[in-house]
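See structure below.
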Amino acid sequence: MAIGSSVDRGKAAAAASRLGLADDAVVQIVGWDSDCDEEFLDALEGHVLELIMDEVSDVVDGVLVFWRDQDGDLADGMLDALSMLADDGVVWLFTPRPGRSGHMPGSDVKEAVQVAGLQITSSISVGADWQAARLTAPKSGR
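Here the working numbering is used: the first residue of the sequence shown is 1400, the next is one more, and so on.
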């Protein structure tokens, strides 16, 4: 089951709005695949200025990273996500929920996020199969 597939369009839109991205935000999506639902993507498109599914050559306001345990080194993925992020930008890390294909233990996620110089500041549930964590640089590191 994919993001948004267990919820109606209104709930997908609500999940997209909880990401706290401004309506004029340019957002890069990393790791989107067939296990992610187009309904969520459509809802997200209704809340931001532009979604970019390819590599970017300009600074973006937000990066949404979809990561599964088989996707490689999460810390490296987070560092890549930060490379084109605006100073006041936001990163959301989406991982499969416990019991779902591709799930990563929370301790592994926390360690990788810390290695990348970030911390988890909040989390939300997105559909039946995904959870998302908002990542920021620690205040002492800014």
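Positions of the beta carbon are idealized from the N, C-alpha and C atoms, including for glycine.
Check, Outcome
"Coarse secondary structure for residue 1440, derived from DSSP in three states", "helix"
"Contact check, residue 1429 vs residue 1461, beta carbons under 8 Å", "no"
"Coarse secondary structure for residue 1512, derived from DSSP in three states", "helix"
"Proximity to residue 1517 [Cα-Cα], best of 1449, 1523, 1424, 1532", "1532"
"Backbone CA spacing between residue 1490 and residue 1409 [nearest angstrom]", "23 Å"
"Buried versus exposed call for residue 1458 [16 or more other C-beta atoms within 10 Å across all chains shown]", "exposed"
"Three-way DSSP call (helix, strand, coil) for residue 1414 in this model", "helix"
"C-alpha distance - residue 1424 paired with residue 1449, whole-angstrom precision", "7 Å"
"Span separating the alpha-carbon of residue 1527 from that of residue 1456", "34 Å"
"Nearest neighbour of residue 1500, chosen from 1435, 1420, 1480 [CA to CA]", "1435"
"Inter-residue CB distance, residue 1470 and residue 1502 (contact presumed, cutoff 8 Å)", "About 12 Å; that fails the 8 Å criterion."
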